[in-house]
Every structure is written in structure tokens, then in C-alpha cells.
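If you're matching them up, the sequences are chains W and S in order. Under this note's numbering, the letters of the first sequence match residues 6 to 339, in that order. Under this note's numbering, the letters of the second sequence match residues 6 to 339, in that order. Idealized CB from N, CA, C, for every residue including glycine. Everything numeric in this text was worked out from a predicted model, so none of it was measured.
2 protein chains.
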Amino acid sequence: MQAARPVTLKELASELGLNISTVSRVLSDPLGRDGKWASPDTTQRIFALAETRGYRRNPYAASLRTNRSNLIGVIVPRLQDYVLATIYEGIDEAALSQDYLTMVSNSLDVPQRQRDKAERLLDHRVDGLIFGDAAEANRGYLDELRDRRVPHTLVSRRIAGHTSVTCDDYRGGQLIAEHLVARGRRVFGVIAGKPGTSTSSERTSGFLDALAELGITEDQVTLAPGGFDAPAGREAAEQILSENPATDAIFAVNDFAAIGALGVLHNRGIRVPDDIALAGYNDTALAAGVNLTTVRSPMHEIGSRGFALLIDQLGGITTESEQLQPELIVRDTA
Amino acid sequence: MQAARPVTLKELASELGLNISTVSRVLSDPLGRDGKWASPDTTQRIFALAETRGYRRNPYAASLRTNRSNLIGVIVPRLQDYVLATIYEGIDEAALSQDYLTMVSNSLDVPQRQRDKAERLLDHRVDGLIFGDAAEANRGYLDELRDRRVPHTLVSRRIAGHTSVTCDDYRGGQLIAEHLVARGRRVFGVIAGKPGTSTSSERTSGFLDALAELGITEDQVTLAPGGFDAPAGREAAEQILSENPATDAIFAVNDFAAIGALGVLHNRGIRVPDDIALAGYNDTALAAGVNLTTVRSPMHEIGSRGFALLIDQLGGITTESEQLQPELIVRDTA
DNA sequence: ATGATGTAGGCAATCGTTTGCGGCAATCGT
DNA sequence: ACGATTGCCGCAAACGATTGCCTACATCAT
């Protein structure tokens, strides 16, 4: 049993004794009720009937004519990741407010999947794409899209040659380093995240550079790359602890990895922050939940700006990348 | 600058010296290359040209004719929530494998937003809807949809009169209670989650009933409702601890709330599980990250079954609700 | 030889909108 | 008073696919 078919323009028109085109023009005039396509009286009658009959434009018919879908596609590594889920929320909210709808897909950070999902979205004629999973590994596809002139922006992570909206991750790394050193920490471990992503590399290089600046020598810091989630954090923490037991501060480039690390510290009876200080990155809800010191990155805003820039591109405007400012959030763990 | 417009059926047809209809029939035959709509030779030629010219069906044109969009809408309380993000992943994966695309929206569990988002999706002519935010508060709208004969299913949470796919939450609550009692716990706190949702009420009633069964009297358990996230967990934990300092076990109906509780326990220097045992629900990645004892609920499968049932409905089949089995995961905290 | 059955493919209507181009009055300027 | 505007609105051609109904020919059985 199907839902009742919605009224069409044609039905409205015949019921009003008008031509379809008039009704269409009045109803889709951006000025709404005071558009100038018909007499005030006619305009009122049209809106009134459309209202009572519950008219809803058929977006497919419209898109067929206009060649615009008012749909945009979003590719993220994984929606399970709080950070990208939040960025996506920012995108979706901005989109909704401008009458766009969005479709998301997970790429799991594997290039082939990224390509497949994106093409699939393109097959559905999305007007543009937003990528949350830019990395060295898929730069090739992104470049191809640029050559095909497919409007797109990058969020969260960036690569050269594509307009992106990111947090100033380098600065974020510096903030943590400065804070930790100011609190008297001297031997560092960094849980560096996924190689080949700007979020990882810039946060750690900001951290490392600031440390060097403050006179910490290289042999006092041990790096452990991996992923962005709690299990990866566990592993990295184990590695750091076994490589340098004198470590007195750990910086994880992601809150979830930090929580994983926190788990192993608790297990080993290491007190936080008394024995080892711990800092994360992003200021997720969970960071507040466990009182983790972290850096707030404006995830929601990254999403909405990413969408705004995409709309600019659709309007033919050339866009510039943006970097949003991070903020240090000091809580109990460091 | 726009991306190059894709080839159309008409162009393929004229280039092949065939009629559009023939090309259409061959290309959209479910049997693919060995459909029986044209001679094997013609069929080959059609597929070959479609391939080299990169033909992609225009879904809007198709939908206009067929009145099917191959799109389904998903409404969740909030994608930031790992549990619903995972369920959504399950939905999306199943959908993709059957050539459906999905669109998600957050309702934030507020009825008006749920309605708005759903109607918006319906305006876009989705073929059906999947709700992850069913609750007493929005039963009205759901019932209305049923009356309007809009195909839909519920996932994660359920209400009577709508086909749903959920975890057997009552059983899950029992599992935790039995485990805790077997470990010698006697004074309980339960962080009960959001009122009016089946996940909350069934998990806690399963827990409570099992406790009663095992001879625990009511005055030995204190209930603290709230939400499903870490901050809500913190608050609830504080409340439980102040209401009954003798508490020796806490069950949170959600892992995130459990992590919040874990935070306050650590803060107060309470040892887990030595002083107080703690259990969560869902077995999210984070639970593994902090070695939390929990109940695994098959979130991914809930999503894919929810989608499958929706497809059944679209096929005119009447569907029955399903309950999937939970599994106790014992780790360090209880 | 005849009608039945199959095979290969064309015709044209249709889905619901959008939009370029006019048409017809009433109004205005001079 | 008369051509030029302006205000209102209709006509019909797209947009790109799907699909019911035909046609034309070949094959087959009787």
C-alpha cells in the first residue's frame, strides 16, 4: 500500500483555472508571497490552495529541468568517529538552513572506497562534495576531481591545492607543548595518530617544534603513530611506556586515543596527572566526561564553513582555505 | 565552471542507430548482459558504448517516471552518539548493497524536529523512513505516518504498533544483574538513561526484575535517570553516591554514561572494581578502550535488519518486529 | 497454405517542473 | 488620441528516462 500521491502543479493549476506556468512561477519565486509574477489576488489564491492541498514540489522533476539537485555529498572516514560526526552535523545544519540536503558515506580511509562512494554520490547528481578524509593516499582522486571541475571542499584534514577548512592544528600542538612544559614536564610521549593525515602531522609537528623551542631535546620524546581511536591509543601508550619508562607527559592527538591511554595508565596504577600528565585533542564530550585536558577545535564550525565555501564554489566564486583557531582547555589530567 | 554533463540515453541511442527504448531496456535489465531484450550482438554493442562513454543513468529522470527514488531516510537522535552512528552504518551498508542511498538527520530527540526532518525527507520523496529515535514523546507522529501508509521501521528503540528491530534489552539488563550478584555485589545504583525510551526502561526493568529474583530488596538499589552521554553519567553517578554511599555496584544503561561515572569514581579515589563495580551497555569501542564490563548489543546488525524489513515493506510484505540477542562482555570493571 | 508463436526493436505518451517567448489589456506619456 | 509601457498570464518545448503497445519478419506445427 503506497502513501497518497502528493498534488501536482497541474492539479493546482486546473483547480484554480490558471496555467501551470503561472502557478510554478508564483510558488517558486524567491520573494515568496510578494513576488511580482501575478496579481496580489491571484498570488494569494495560489498560496492558499497550495497550502490547503499540501502541495510539495517534486524535487526530481525540478532537478530534471534545472540540472541542480540541491543535494551535496559528504565523505568521512567513519561516522562512528565523534569528531567527524560533529563536523558532519555542522555541515548538515548549515545545509538545511539553505535548503540543501546532504548524504554521507564512510570511506574508512581506504582510497578505493573513497572513490567508489564519491562516484556513487556523483551518480546521484549531487551538486558538490565535501571530504573529511583527505590524505596523502587519496590525493590522486581529489586532484582528478579538480580536473573534472567537480565542486568540492575539504574539512578537518587538508592537502595542498584544494580549498579546505581546518583547525590550526600546528598551533594546537604548540599550545599543549607550552602548557606541559610550563607545568614542569620534561619527558614526553606523543600518540601521533594516522600517518599521512594533516591532523596527525601538523599537531605533532607543532608540538615537537614548540618543545624544541623550549629547550627539550629530541631524546626526551618518543613518538608512537597508529590511529585515532581508543584501541590505537592503548597500544601507543604501551609502546611509549615500554620505550621510555621515565615519560612524565603524554600528548595524544585525539581525545579517544587519550582515553585509551588513560585506560592503560589506570591499569598500571600510574596516577594521572601526578605521575604522568595526559592531554588529548578536540575537546569531545568524552573529554569533559573524564576531565581530560585537551585542545578545543571548532568542529561544528569547520563543518558549516566547509559547506559555505562549497556553496560559494557553486556560485562561481573562487574560494580560499580557512584555518580556525584552537583553544587550550585545561582540566584535571595535565 | 561546471563538470561535464554526462551522456544521455538519447545520445547513446542515436550513436548506435537504435531507439532510446531499446537501449533503456537493455541497460536496465536486471539480468545485465544476458538479458533477452535485444540480440546478443546488439546487447554487446550497447554495453560497450555505454561503458566507453561513461553512461550514468540520471536518477531523477528515472524516478520521475517510476515514482521510486531508491532513497531512504533515517532519523536518529544524534549522530554524535556512537551507538546510533553504528546503527546507521549498518543501515547504510545494507542499503548500498541493494542500490539504495540513505539520508540521515538528527532529531535531538525533540518531537517537533523529528517531524520536521522526516517531512523534509519525505518531500524529497524517500521511499521509506527508518527511525532511531522512537519514544513515547513522538508516538503521535509515528502513528500518523502509519495512517498515511508511509513505509517505516524503528531501530534501537521500539514502541508498540510499529515494526522494529531492537536488542533484547530486558535480557541484557538481566545479564548484568546476574553477573553482578554472582560477583558478590549487594547494593546497586542504576544510571537509567532517558525516560520514555525503550532502551532505558527495558534495560533497567530487566536489571531490576533479575535483582528481585535473586533476593535483592528494593531499598538496596537507587535509580538515577538522565541521559545517555558522559556528562549525564557523571551527574547520575554523583547522585547515586550521595544517596547511598554504601553502593558497591553501578549499572549504566549506556557505555558513555558509564565512562562519565568512571570519571567521578576516579576523581573520588574510589577503586574500580575493588570498591565499586561498574558495568555499561552496548560494547562500544570505548568500552574496550577502558576495559569496561558491558553488554554487547548487535548495533550494526540492528541497522541492517531494520533496512531489510523496510525493503520488505516496500515490496508489500507485512513485517514483524525482531529482537536480537545481547551478550555479556566481562572485562576489568565488574 | 495458414494461423500461431517468437524475436528484435520502434513509437509515443508520460512523469512534474521550469522557462523562453509571446499575447492581450489597461495605463501612461506627450 | 495614439504608440509605448507595464502588468498578468498562457503556450509549449524541454529535461532524461520508462513502458504499454505495435510492427515486421522469421519460424514452426498442422
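Sequence ranges, alpha helix (DSSP H) only - wholly within the segment 239-325 of chain S, length at least 4: With a minimum length of 4 residues, the continuous alpha helix (DSSP H) runs that stay inside the segment 239-325 of chain S are 260-272, 290-294, 304-319.
So, under 8 Å CB-CB, isoleucine 264(S) and valine 295(W) are touching, yes? Tell me the CB distance rounded to an integer number of Å. In the second sequence, the residue the question calls residue 264(S) occupies position 259. In the first sequence, the residue the question calls residue 295(W) occupies position 290. In this structure isoleucine 264(S) touches valine 295(W) by the C-beta definition: roughly 6 Å separates them, less than 8 Å.
Burial state of glycine 194(W), where buried means 16 or more other Cβ atoms lie within 10 Å: Here residue 194(W) refers to the residue found at position 189 when the first sequence is read from its first residue. A buried status is given to glycine 194(W), since no fewer than 16 other beta-carbon atoms sit within 10 Å of its beta-carbon.
Runs of beta strand (DSSP E) lying entirely within the segment 183-231 of chain W, each at least 3 residues, in chain order: Correct list: 193-198, 226-230.
With three or more C-beta pairs closer than 8 Å as the rule, is the segment 96-103 of chain S touching the segment 114-123 of chain S? Under the 8 Å Cβ criterion, the segment 114-123 of chain S does not count as touching the segment 96-103 of chain S, having fewer than three qualifying pairs.
Using a 10 Å radius around the Cβ and a threshold of 16 neighbouring Cβ atoms, would you call leucine 216(W) buried or exposed? Locating residue 216(W) in the first sequence gives position 211, counting from the first residue. Classification for leucine 216(W): buried.
Interface positions of the segment 246-263 of chain S facing chain W (Cβ-Cβ less than 8 Å), listed along the chain: The residues in question are Phe261.
Decide if arginine 73(W) is buried, meaning its Cβ has at least 16 other Cβ atoms within 10 Å, or exposed. For the purposes of this step, residue 73(W) is identified with residue 68 of the first sequence, where counting begins at 1. That one is exposed.
Note down the Cα distance separating alanine 67(W) from aspartate 214(W), rounded to an integer number of angstroms. Position 62 of the first sequence, counted from the first residue, corresponds to residue 67(W). Position 209 of the first sequence, counted from the first residue, corresponds to residue 214(W). Their Cα atoms are separated by approximately 54 Å.
Which residues, taken in chain order from the segment 85-111 of chain W, show a beta carbon closer than 9 Å to some beta carbon of chain S? Flagged, chain order: Gln85, Asp86, Tyr87, Ala90, Thr91, Tyr93, Glu94, Asp97, Glu98, Leu101, Leu106, Thr107, Met108, Val109, Ser110, Asn111.
I need the DSSP call for valine 79(W), collapsed to helix, strand or coil. On the first sequence, position 74 is the one that residue 79(W) refers to. In the three-state reduction of the DSSP assignment, valine 79(W) falls in the strand class, which pools E and B.
By a C-beta neighbour count over all protein chains shown, 10 Å radius and 16 as the cutoff for buried, is proline 35(S) buried or exposed? Within the second sequence, the letter at position 30 stands for residue 35(S). With a 10 Å radius around the Cβ and a threshold of 16 neighbouring Cβ atoms, proline 35(S) comes out exposed.
Can you tell me where the beta strand (DSSP E) with glutamate 332(S) in it begins and where it stops? Here residue 332(S) refers to the residue found at position 327 when the second sequence is read from its first residue. Start and end: 332-334.
Among Thr57(W), His129(W), Leu333(W), Gln85(W), the one whose alpha carbon lies nearest that of aspartate 104(S): As a first step, residue 104(S) is located in the second sequence; it is residue number 99 there, counting from the start. The residue from Thr57(W), His129(W), Leu333(W), Gln85(W) with its alpha-carbon nearest to that of aspartate 104(S) is His129(W).
Run of the beta strand (DSSP E) containing arginine 158(W), from where it starts to where it stops: As a position in the first sequence, residue 158(W) is number 153, starting the count at 1. Rather than arginine, the amino acid found at residue 158(W) in this sequence is threonine. From DSSP, the beta strand (DSSP E) with threonine 158(W) extends over 157-160.
Residues that DSSP places opposite isoleucine 135(W) in a beta bridge: On the first sequence, position 130 is the one that residue 135(W) refers to. For isoleucine 135(W), the pairing in a beta bridge is given by DSSP as Val79(W), Thr158(W).
Do alanine 242(S) and alanine 266(S) have their CB atoms nearer than 9 Å? Residue mapping note: residue 242(S) aligns to position 237 of the second sequence, counting from 1. Residue mapping note: residue 266(S) aligns to position 261 of the second sequence, counting from 1. Yes. Within cutoff.
I think glycine 274(W) touches valine 160(W), with their Cβ atoms under 8 Å apart; what is that distance to the nearest whole Å? Taking the first sequence and counting its residues from 1, one reaches residue 274(W) at position 269. Taking the first sequence and counting its residues from 1, one reaches residue 160(W) at position 155. Cβ atoms of glycine 274(W) and valine 160(W) stay farther apart than 8 Å, at about 40 Å.
Check for me: the alpha helix (DSSP H) holding leucine 32(S) runs from which residue to which? The residue labelled residue 32(S) in the question sits at position 27 within the second sequence. Segment 25-32, the alpha helix (DSSP H) holding leucine 32(S).
If we count the other Cβ atoms within 10 Å of its Cβ and call it buried at 16 or more, is isoleucine 77(W) buried or exposed? In the first sequence, the residue the question calls residue 77(W) occupies position 72. Flag for isoleucine 77(W) reads buried.
Might you give, ordered along the chain, the residues of its own chain that have their beta carbon closer than 6 Å to the beta carbon of glutamine 318(S), omitting 5 neighbours on each side? Position 313 of the second sequence, counted from the start, is the residue given in the question as residue 318(S). Cβ within range, chain order: Pro156, Thr324.
Could you give the DSSP three-state label for threonine 13(W): helix, strand or coil? Counted from its first residue, the first sequence places residue 13(W) at position 8. Collapsing the DSSP output to three states places threonine 13(W) in coil.
Can you tell me where the alpha helix (DSSP H) with glutamine 119(S) in it begins and where it stops? By 1-based counting over the second sequence, the position of residue 119(S) is 114. Glutamine 119(S) -> alpha helix (DSSP H) spans 116-128.
So aspartate 234(W) contacts chain S; which residues on that side make the cut at Cβ distance below 8 Å? The residue you call residue 234(W) lines up with position 229 of the first sequence. Within chain S, the residues near aspartate 234(W) are Ala290, Gly294.
Hey, how far is the Cα of glutamine 7(W) from the Cα of threonine 168(W)? For this step, residue 7(W) is matched to residue 2 along the first sequence. For this step, residue 168(W) is matched to residue 163 along the first sequence. Per-residue confidence for glutamine 7(W) stands at a pLDDT of 47, beneath the threshold of 50, marking its modelled position as unreliable; the derived number appears in the next sentence. Using only the alpha carbons, I get a separation of about 44 Å.
May I have the straight-line CA-CA distance separating tryptophan 42(S) from glutamine 49(S), to the nearest angstrom? If you number the second sequence from 1, residue 42(S) lands on position 37. If you number the second sequence from 1, residue 49(S) lands on position 44. In a straight line, the C-alpha of tryptophan 42(S) is about 12 Å away from that of glutamine 49(S).
Distance cutoff 9 Å, beta carbons only. Does serine 205(W) sit that close to anything in chain S? Along the first sequence, read from residue 1 onward, the residue named residue 205(W) stands at position 200. It does not: the Cβ of serine 205(W) has no partner Cβ on chain S nearer than 9 Å.
Please classify aspartate 288(S) as buried or exposed, where buried requires at least 16 neighbouring CB atoms within 10 angstroms. One-based indexing of the second sequence puts residue 288(S) at position 283. Buried.
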